[in-house]
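In this note's numbering, the protein residues as written are 299 to 910.
Where is the CB? At the ideal position from N, CA and C, for every residue including glycine.
As the structure is a prediction and not an experimental result, all values here were calculated from the model.
One structure below.
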């Protein structure tokens with residue numbers, strides 16, 4: 299190892315430690331959020347800046363946990379996980395080549411979405427963002443994955459490569475500044491994660507020296523939760539030591555005058571794994587860029603990190619636990635009583651152990667005052683009022699509530715009023731929904747740009763249509779025009795299936811979906827059934843759609859110089875329209891008169907069979 303490499307390793311490690319120290323306050327917030335969600339709600343930040351458990355002040359102190367954060371988290375996750383943004387790729391122009399590129403790009407994303415289980419990973423990311431406020435997606439290219447397309451001189455398979463898509467927790471990301479609101483505003487980002495020595499060898503083919511590494515882990519331990527005379531057990535998130543491991547530090551730097559293609563430096567333990575330009579051209583206009591996408595629960599102005607609803611609920615949860623436990627302690631005093639005993643009048647050890655149980659023979663010193671219970675006081679009304687106030691605070695701060703159990707709903711309420719309540723209840727989720735939409739849009743964009751960069755040899759993909767049909771297709775990087783593709787979200791938002799059905803039925807009643815002659819086309823009927831959630835009733839494909847696909851395939855074949863025969867089973871009217879639309883494209887005009895003559899001859903044959 300050269301001295302310049304040693305200096306680089308030292309500089310990267312020191313940079314990582316400085317960023318970790320700057321981010322420490324956020325780490326503590328995320329740890330508290332996770333502990334409160336799991337039920338370990340008697341923890342706080344100590345004087346040393348570490349998470350500490352709070353001990354009982356008295357042996358009789360009631361320390362039950364009445365977890366209202368967990369059901370609020372469940373409701374928010376259940377609603378947000380319904381969001382499945384659909385990606386629609388629009389061609390840049392009306393030219394047939396741009397239309398075909400848009401269709402291919404959409405098919406590619408649909409195939410990758412199913413194969414990489416993107417929807418499931420988005421749900422995983424929602425869990426992280428709802429707890430910590432921020433989560434990241436990492437999208438790269440794994441050249442060791444995919445189908446084997448050959449062998450090298452040593453007989454090792456050469457693979458086609460595949461998209462590497464993963465969800466990254468905020469504990470692993472270290473920006474150069476926490477005041478940059480977007481990833482695009484950061485000049486550099488570090489991704490650091492602990493791996494075992496064996497994992498590092500499998501990943502990079504290099505043996506590094508291992509040691510003890512501090513990381514976070516879950517543990518189910520007794521943390522002093524419970525009531526008088528017993529303890530409870532709650533899951534706890536804290537630091538633990540991972541042996542025979544090392545931290546892999548990946549530092550991504552944006553392009554600069556010194557590094558026009560950016561810079562990526564990977565350090566594992568005390569070894570330099572890689573130092574070179576950014577590998578992935580996933581930025582605008584084909585530029586090298588970071589492979590990360592950020593998703594937040596609630597945007598915090600002027601901060602790189604988002605805010606979680608749990609963070610806002612922690613003070614309310616602490617106060618609610620305190621009120622409920624003080625209330626139970628008061629009930630314990632009423633039920634168990636507090637004895638007044640004259641000194642030396644009774645056997646105190648026996649009385650402390652057994653109390654005044656039913657049927658007990660109490661012997662006290664002659665002439666002494668007999669033991670008696672002190673007069674108990676009634677529970678103050680303010681405690682019950684505070685409990686109700688805190689329950690209301692949970693709903694106000696979180697912005698969600700379980701309407702099925704809400705006391706505001708009565709049997710006399712109309713359907714419109716209920717719909718308005720549901721809409722208001724879901725308004726506070728819109729910020730999180732928009733973040734999911736934007737993240738999904740950027741995921742699709744980066745995936746297409748990676749295929750544009752790496753799909754040199756033809757790749758075979760498979761998609762399953764909405765009616766169960768399986769379609770196979772080949773593509774290469776030349777079939778993708780990522781710079782000319784606009785990615786839009788066609789989302790179902792938070793609308794329920796019933797509300798969509800009601801809207802479709804209203805449009806049908808007004809005749810908006812009818813043809814000019816007032817009838818519904820077969821294609822529109824099939825689409826309406828699918829939108830109503832009944833598309834699976836028919837497995838037969840719409841013949842018109844099949845004819846349009848067949849005509850599109852014929853266009854490409856004739857454009858490539860092949861001869862195509864007209865079949866008697868063709869829907870000639872649809873074929874003629876598709877062929878004419880293709881001839882009106884800009885690319886067709888550049889091919890010359892020979893191609894036009896071939897298309898006109900083909901169209902003439904369709905018209906002859908149609909008239910005959």
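With a threshold of 16 other CB atoms inside 10 Å of the CB of residue 354, please say whether the residue is buried or exposed.
Exposed, by the Cβ-count rule.
Compute the beta-carbon to beta-carbon distance between residue 583 and residue 507, rounded to the nearest angstrom, for a pair I have assumed lies under 8 angstroms.
With 8 angstroms as the limit, residue 583 and residue 507 do not qualify as a contact, their Cβ atoms being about 42 angstroms apart.
Identify whether residue 725 lies in helix, strand or coil by the three-state DSSP scheme.
Helix.
Taking the straight line between their C-alpha atoms, what separation do you get for residue 647 and residue 358?
When rounded, the distance between both Cα atoms is 18 angstroms.
Under a three-way DSSP split, which group does residue 313 fall into?
Reduced to three states, the DSSP call for residue 313 is helix.
How close, in whole Å, do the beta carbons of residue 306 and residue 563 come, if the pair is a contact with beta carbons under 8 angstroms?
That pair is a contact at about 7 angstroms.
Exposure label - residue 294; buried when at least 16 CB within 10 Å:
Past the edges of the chain, shown from 299 to 910, lies residue 294, and the structure says nothing about it.
For residue 374, does the three-state DSSP call read helix, strand or coil?
It is helical.
Pairwise C-alpha distance: residue 484 and residue 478:
Rounded to whole angstroms, the gap between the alpha carbons of residue 478 and residue 484 is 6 angstroms.
Measuring only the C-alpha atoms, how far is residue 400 from residue 488?
CA-CA distance, residue 400 to residue 488, rounds to 34 angstroms.
Leaving out five residues before and five after residue 662 in sequence, what residues of the same chain have Cβ atoms less than 6 angstroms from its Cβ?
For residue 662, the CB contacts under 6 angstroms within the same chain, skipping 5 residues up- and downstream, are 643, 644 and 668 in chain order.
Measure the alpha-carbon distance for residue 766 versus residue 822 and round it to whole angstroms.
Model confidence at residue 766 stands at a pLDDT of 44, short of 50, so the residue's coordinates are unreliable; what they give is reported in the following sentence. In this structure, the alpha-carbon of residue 766 lies about 19 angstroms from that of residue 822.
Same chain only: Cβ atoms within 8 angstroms of residue 575, ignoring 5 sequence neighbours per side:
Within the same chain, residue 575 has close Cβ partners 557, 559, 560, 561, 562 and 586.
From residue 863 to residue 408, what distance separates their C-alpha atoms?
When only Cα atoms are considered, residue 863 and residue 408 end up about 32 angstroms apart.
Return helix, strand or coil for residue 439, following the three-state DSSP convention.
Under the three-state reduction of DSSP output, residue 439 falls in the strand class.
Residues that residue 592 bridges to, as DSSP identifies them
DSSP output for residue 592 lists 434 as bridge partner(s).
Completely contained beta strand (DSSP E) runs for the segment 448-498, where each covers 3 or more residues
If one requires a minimum length of 3 residues, the beta strand (DSSP E) runs lying completely within the segment 448-498 are 455-457, 460-466, 471-473 and 486-494, in chain order.
What did DSSP end up calling residue 520 once you bin it into helix, strand or coil?
Note that residue 520 scores a pLDDT of 47, beneath 50, so its modelled location is shaky and nothing firm can be said.
Which of helix, strand or coil does DSSP assign to residue 901?
In the structure shown, residue 901 sits in a helix (DSSP, three-state: H, G or I).
With distances taken between CB atoms, is the gap from residue 604 to residue 464 smaller than 9 angstroms?
No, they are not a contact pair.
Between 425, 456, 742 and 565, which lies nearest to residue 595 when the distance is taken from Cα to Cα?
For the residues 425, 456, 742 and 565, the minimum Cα distance to residue 595 belongs to 425.
Residues bridged to residue 511 (per DSSP)
Residue 511 is bridged by DSSP to 540.
Measuring alpha carbon to alpha carbon, tell me which of 446, 470, 472 and 471 ends up nearest residue 460.
It is 446 whose Cα lies nearest to the Cα of residue 460.
Host alpha helix (DSSP H) of residue 557 (start-end):
From DSSP, residue 557 is part of no alpha helix (DSSP H); its letter is neither H nor E.
Looking only at its chain, what residues have a beta carbon closer than 8 angstroms to the beta carbon of residue 895, apart from the 5 residues adjacent to it on each side?
Same-chain partners within the cutoff: there are none.
Whose C-alpha, out of 728, 898, 319 and 739, is nearest the C-alpha of residue 591?
The option with the nearest alpha carbon to residue 591 is 739.
Buried versus exposed, by CB contacts within 10 Å (16 or more), residue 849
The residue is buried, with at least 16 neighbouring Cβ atoms inside 10 Å.
Residue 655, buried or exposed, once every other Cβ within 10 Å from all chains shown has been counted against 16
Residue 655 is exposed by the Cβ-count criterion.
Nearest-angstrom beta carbon gap, residue 811 and residue 805 [assumed within contact, 8 angstroms]
Contact holds; Cβ gap of about 6 angstroms.
So what does DSSP say about residue 349, is it helix, strand or coil?
Residue 349: strand per DSSP, three-state reduction.
Return helix, strand or coil for residue 343, following the three-state DSSP convention.
Reduced to three states, the DSSP call for residue 343 is strand.
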